[in-house]
Each structure stands twice: as C-alpha cells, then as structure tokens.
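Residue numbers (our numbering): 692 to 790. Backbone N, C-alpha and C fix where the C-beta goes; we use that ideal spot for every residue, glycine too. Values in this document were obtained by computation on a predicted structure and should not be read as measured data.
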C-alpha cells in the first residue's frame, strides 16, 4: 500500500516542474536569445527578406508566407511550426515573436 501512495506524492511534487519547463506548446524555447517571446521593438531594420527567412528556418518555422516589413521596421508574416500556422514577427535586433 505504501508504494502507490509514495508514487502519487512524488508525482504530485514533480508536476509543477514539468508544467514550468520553459518550453511553449509549440516546442519553442523562449529563454534562448532572440527566441519567441521577446518583445518586438521598432527601429531601423537592416535585415533583408532572405536573412529573415533564414532565421525563421533555423528556429524551426517552415512555409513562411506573407513576409513584409512594416513602417516601424518590424518584419511580419505567417509560418508553420509543429503543424500549426502562426503569425510571426522579427525586429531590428533579431528578436522573434509568434502567436
């Protein structure tokens, strides 16, 4: 009887650690520099469309479409990650956001 109870207690203690693993539901790691979740800042953006596409590709985004730079210097588009289509963006610092 003690073993199932001890196992249940152990699992209940570990559950919060798994819930706060730093990985979002799309498998992206917000704690990595320039990764998803960084606030996008307006500024003079010197990244070319090819460079932006390359960065998104290295971060695991595929099928990048509708990629355009707005008047604040932030690139916006759509991409597929983990089977889901997301809105993506990248600022002049190389920070990326997705939702």
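Q: Just the C-alpha distance for residue 790 and residue 759, rounded to the nearest angstrom, thanks.
A: 17 Å
Q) Along the chain, where does the alpha helix (DSSP H) that runs through residue 788 open and close? A) It is not in any alpha helix (DSSP H) - residue 788 instead sits in the beta strand (DSSP E) that spans 787-789.
Q: Would you give the residue range spanned by the alpha helix (DSSP H) that residue 764 belongs to?
A: Residue 764 -> no alpha helix (DSSP H), and no H or E assigned at all.
Q) Which word fits residue 776, buried or exposed, when buried means at least 16 other C-beta atoms lie within 10 angstroms of its C-beta? A) The residue in question, residue 776, is exposed, as its Cβ has fewer than 16 Cβ neighbours within 10 Å.
Q: Using alpha carbons as the reference points, say which of 779, 749, 765 and 751 lies closest to residue 737.
A: With distances taken between Cα atoms, residue 737 lies closest to 765.
Q: Under 7 Å Cβ to Cβ from residue 763, same chain only, skipping five residues before and after it: list those, please.
A: 733
Q. If we count the other Cβ atoms within 10 Å of its Cβ and call it buried at 16 or more, is residue 741 buried or exposed?
A. Counting Cβ neighbours within 10 Å, residue 741 comes out exposed, since fewer than 16 surround it.
Q | Among 730, 746 and 784, the one whose alpha carbon lies nearest that of residue 770 | A | It is 746 whose Cα lies nearest to the Cα of residue 770.
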